[in-house]
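For reference, the structure is listed below as structure tokens.
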Amino acid sequence: MKDGSAISSDPEEDGVDFDLRSAPGFPRLEMSYSQRDLGPRIPQIEASSSRSNLRFDRLQPPDDEFDCEHRRAFGRLVAREAVRDEELWMAAWLRAESYWEERSDVRVTDQHPTESYHLQNHKRQFTVQEFNSLKKRCSTNQDEKCVCIVVVRKHEENIKHAVMNSIFGTLDLSIRHFLCGETIPGERMKPPASSNLSQTERPRYAYIANLCVAKHARRQGIATNMLSLAIDVAASYGTNQIFVDVDRDNIGAQKLYEQIGFQMVEQAGPHLPADKNYLLCLKI
1 MKDGSAISSD PEEDGVDFDL RSAPGFPRLE MSYSQRDLGP RIPQIEASSS RSNLRFDRLQ
61 PPDDEFDCEH RRAFGRLVAR EAVRDEELWM AAWLRAESYW EERSDVRVTD QHPTESYHLQ
121 NHKRQFTVQE FNSLKKRCST NQDEKCVCIV VVRKHEENIK HAVMNSIFGT LDLSIRHFLC
181 GETIPGERMK PPASSNLSQT ERPRYAYIAN LCVAKHARRQ GIATNMLSLA IDVAASYGTN
241 QIFVDVDRDN IGAQKLYEQI GFQMVEQAGP HLPADKNYLL CLKI
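Residue 134 in the UniProt record's numbering is what sits at position 134 of the sequence shown, and the numbering runs on without skipping anything.
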């Protein structure tokens with residue numbers, strides 16, 4: 001997935017009224033297929049892998065088990081920062097699903113099990129790569145931050161859910177510094193001959209990427225609430241501008257961001273590279 005691409009469905013209505021119990025089950029990875037495999041197939045790596053301490057049977061932790069500064073409750077769901085590796089894995093898997101959903105050249109049905117097998121293999125590879133990249137971005141302890149926001153079930157007493165069944169949406173929020181001479185991300189500017197400003201002294205901005213919502217949970221206000229939380233997080237880091245790239249053909253995503261207050265950045269000038277995306281900005 002190209003960094004900066006924003007994946008989104010149609011504009012959403014606020015509120016959550018779907019039955020969370022009806023969400024499809026997430027079985028362990030089995031690379032064989034049968035009529036009973038009706039839910040999404042989430043690719044998993046071996047829990048004993050030395051690269052990770054992933055446990056796919058891990059239960060969703062109660063809210064009081066971790067310190068989460070930024071959170072936003074709505075209905076029976078909560079938008080917050082991902083706190084466990086399993087949540088990052090699920091975020092990576094949702095992105096893999098969204099990536100292949102957006103590809104018009106890929107259409108695989110259950111009538112072609114061999115093609116379906118290869119597609120699931122590609123999704124697995126994508127998920128592993130995105131998980132490793134996401135974990136690295138979020139663990140970097142530098143001035144430029146990356147926060148993975150997820151939407152999870154609100155904790156209920158005496159009801160236990162596996163983490164793998166509890167993630168409904170995700171996005172990345174990055175806090176970045178403008179390059180020398182930039183006022184817009186990606187702006188083509190001739191760098192000044194000299195600058196006394198170090199990177200940490202340059203103005204900062206926030207950037208949203210990789211927004212996606214699980215198919216069965218769309219049009220329930222999930223994307224809207226994730227974006228609202230992202231705005232709060234960006235403001236807490238002292239930024240006053242949030243940028244996002246949106247595919248020119250994704251009218252639903254454009255309307256979603258416009259409803260929240262994002263406006264299109266002027267694309268006609270020669271100072272910005274030609275791209276298939278629109279660059280949107282929200283001033284906070």
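All residues carry an ideal CB built from backbone N, CA and C; glycine is no exception.
Cβ-heavy atom distance, residue i to the ligand COA, below 7 Å
i: isoleucine 284; result: Among the components modelled here there is no ligand, and therefore nothing to report on the ligand COA.
Alpha-carbon to alpha-carbon, residue j and residue i
i: arginine 219; j: glycine 75; result: 14 Å
i: aspartate 57; j: valine 163; result: 8 Å
i: aspartate 63; j: valine 151; result: 13 Å
i: lysine 215; j: asparagine 53; result: 28 Å
i: glycine 186; j: isoleucine 159; result: 47 Å
i: phenylalanine 168; j: asparagine 277; result: 25 Å
i: glutamine 125; j: leucine 94; result: 13 Å
i: leucine 119; j: glutamate 101; result: 11 Å
i: serine 166; j: lysine 154; result: 9 Å
i: arginine 248; j: glutamate 157; result: 45 Å
i: glutamine 60; j: isoleucine 231; result: 25 Å
i: asparagine 121; j: alanine 96; result: 11 Å
i: arginine 204; j: cysteine 281; result: 14 Å
i: glycine 181; j: alanine 234; result: 22 Å
i: lysine 123; j: cysteine 212; result: 15 Å
i: leucine 279; j: alanine 73; result: 29 Å
Simplified DSSP assignment, three categories, for residue i
i: threonine 127; result: helix
i: valine 147; result: strand
i: lysine 160; result: coil
i: alanine 206; result: strand
i: cysteine 212; result: strand
i: asparagine 277; result: strand
i: lysine 283; result: strand
i: leucine 54; result: coil
i: arginine 218; result: coil
i: arginine 153; result: strand
Assumed close pair residue i, residue j - CB separation to whole angstroms, cut-off 8 Å
i: glutamine 254; j: lysine 283; result: That belief does not hold up - the Cβ atoms of glutamine 254 and lysine 283 are roughly 18 Å apart, past 8 Å.
i: serine 228; j: alanine 206; result: Rounded, the Cβ-Cβ distance is 13 Å, inconsistent with contact.
i: histidine 70; j: arginine 55; result: That belief does not hold up - the Cβ atoms of histidine 70 and arginine 55 are roughly 25 Å apart, past 8 Å.
i: asparagine 210; j: threonine 170; result: 7 Å
i: histidine 177; j: arginine 137; result: With 8 Å as the limit, histidine 177 and arginine 137 do not qualify as a contact, their Cβ atoms being about 15 Å apart.
i: alanine 82; j: cysteine 148; result: 4 Å
i: residue 313; j: valine 244; result: With the chain covering 1 to 284 only, the question about residue 313 has no answer from this structure.
Continuous alpha helix (DSSP H) stretch holding residue i: start and end
i: tyrosine 257; result: 251-260
Where the beta strand (DSSP E) through residue i begins and ends
i: residue 330; result: The shown model of the chain, from 1 to 284, leaves out residue 330, and the question about it has no answer.
i: aspartate 172; result: 167-177
i: phenylalanine 74; result: 71-74
i: glutamine 241; result: 241-247
i: alanine 79; result: 77-81
i: cysteine 180; result: Where cysteine 180 is concerned, there is no enclosing beta strand (DSSP E), given that its DSSP letter is neither H nor E.
Under 8 Å: do the segment 86-100 and the segment 124-139 share three or more Cβ pairs, one atom per stretch? yes
Contact the segment 222-241 vs the segment 256-266: 3+ CB pairs below 8 Å: yes
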